[in-house]
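Protein chains in written order, with the UniProt record's numbering: chain A, 1 to 246; chain B, 1 to 76.
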């Protein structure tokens, strides 16, 4: 499905990003595994991808730092020769009620989750324009559509990503570059495992399909959007949330 | 000088698919050569590769005519 394609996945050392990196590799892509802090975890993902039989490298960069990102993209293209798929997945949370949220908490989340998408997208666009093809998939969140108390910064960033996706899609469509987003709902991760049974039950009440999602259920949609099967889709945000927000 | 102009012209003719005679020093990319904003960005990228240099965004924004591009390259 993605044979011979080269991908860069940001924030790929764990969680949904890790699953996306592995899924792209399973479908034939070589993958650059971006991480910011956890080198050992990133190395594990690299090893797993190599075990699948694809090429993989780990590349460190803070996505909010343009200089680092440019270096990273140069390194990836140097290693792989082309860059066909960018998955902007890196994200952080600094949850707090609006009344309690500090300016720096707001800025940190906007910088990584929104500005980081802008910086990484800009950095790969030159290469993709030259190739006259490319797929960019941004990981937004369902709360970017619905809002969520305690996450003003995160929600603002994730809603911003949806707008950025649409604009980038329009700007780059004439160069055969497709840009789409996914908006995961409650996905089973370390974070949701830590919730109490009561909290989990409360979450399940809001989900028509009655269960949490799995990281691979997000990864498979990203893989679809990255493939030629999605060749007529651009500028869209696909909800992966068990029907929570329609 | 002529050398730079000829190299720039060749890229423009190829990239924008325009007749060679239209590519003069005075020709405006957008008005005379029917380039859209993205075409100009791409053109600047190609010039960077051709002449092995980097044009800063602030400088690139000032390039409106073929002459602007040629003069910028000659000024380096």
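Ideal Cβ placement from N, Cα and C applies to all residues, glycine included.
Nearest to residue 28 of chain A by alpha-carbon distance, out of A:242, A:223, A:230, is A:223. Using a Cβ-Cβ cut-off of 9 Å, residue 178 of chain A does not count as an interface residue toward chain B, since no Cβ of chain B sits closer than that to its own. Shown in chain order are the members of the stretch 113–142 of chain A whose Cβ falls below 8 Å from a Cβ of chain B: 126, 129, 130. For residue 197 of chain A, the nearest beta carbon of chain B is not closer than 9 Å to its own beta carbon.
Interface with chain B (9 Å Cβ-Cβ cutoff): residue 231 of chain A is excluded. Against chain A, the CB of residue 54 of chain B has no partner CB under 9 Å away; the residue lies outside that interface. By alpha-carbon distance to residue 227 of chain A, the top candidate from A:14, A:18, A:23, A:51 is A:23. Cβ-Cβ distances below 8 Å link residue 15 of chain A to 189, 190, 215 in the same chain, with the five nearest sequence neighbours on each side left out; the list follows chain order. Taking 9 Å as the cut-off between beta carbons, the residues of the stretch 163–189 of chain A near chain B are 171, 172, 174, 175, in sequence order. Where residue 52 of chain A is concerned, the enclosing alpha helix (DSSP H) starts and stops at 39–52. Per DSSP, the unbroken beta strand (DSSP E) holding residue 58 of chain A starts and ends at 56–60.
Taking C-beta atoms as the reference points, residue 165 of chain A and residue 89 of chain A fail to come closer than 9 Å. Taking CB atoms only, residue 42 of chain B has a neighbour in chain A less than 9 Å away.
Around the CB of residue 174 of chain A, fewer than 16 other CB atoms lie within 10 Å, so the residue is classed as exposed. About 6 Å separates the beta carbons of residue 182 of chain A and residue 139 of chain A, which is inside the 8 Å limit, making them a contact pair. Residue 60 of chain B: member of the alpha helix (DSSP H) spanning 57–60, first to last residue.
Counting of Cβ neighbours within 10 angstroms places residue 184 of chain A among the buried residues, the total reaching 16 or more.
Here DSSP, grouped into helix, strand and coil, assigns residue 119 of chain A to helix. Within the same chain, and ignoring the five residues on either side of residue 241 of chain A in sequence, the residues whose Cβ sits closer than 6 Å to its Cβ are 142, 185. Separation of residue 31 of chain B and residue 66 of chain B (C-alpha to C-alpha, rounded to the nearest whole angstrom) is 11 Å. Annotated as proximal: residue 134 of chain A and residue 178 of chain A, with beta-carbon spacing under 9 Å.
Counting every other CB atom within 10 Å of its CB across the protein chains shown gives residue 129 of chain A a total of 16 or more, marking it as buried. The contact set of residue 45 of chain B on chain A, defined by CB atoms closer than 9 Å, consists of 126, 129, 130 in chain order. Each residue's CA atom was taken as its position, placing residue 42 of chain A and residue 34 of chain A some 7 Å apart.
Residue A:219 holds the alpha-carbon nearest to the alpha-carbon of residue 25 of chain A among A:111, A:171, A:219.
Nearest neighbour of residue 44 of chain B by Cα position, chosen from B:11, B:6, B:19, B:5, turns out to be B:11. A residue is called buried when at least 16 other Cβ atoms come within 10 angstroms of its Cβ; residue 196 of chain A does not meet this threshold and is exposed. Judged by DSSP secondary structure, residue 152 of chain A falls outside any beta strand (DSSP E) and instead within the alpha helix (DSSP H) spanning 152–172.
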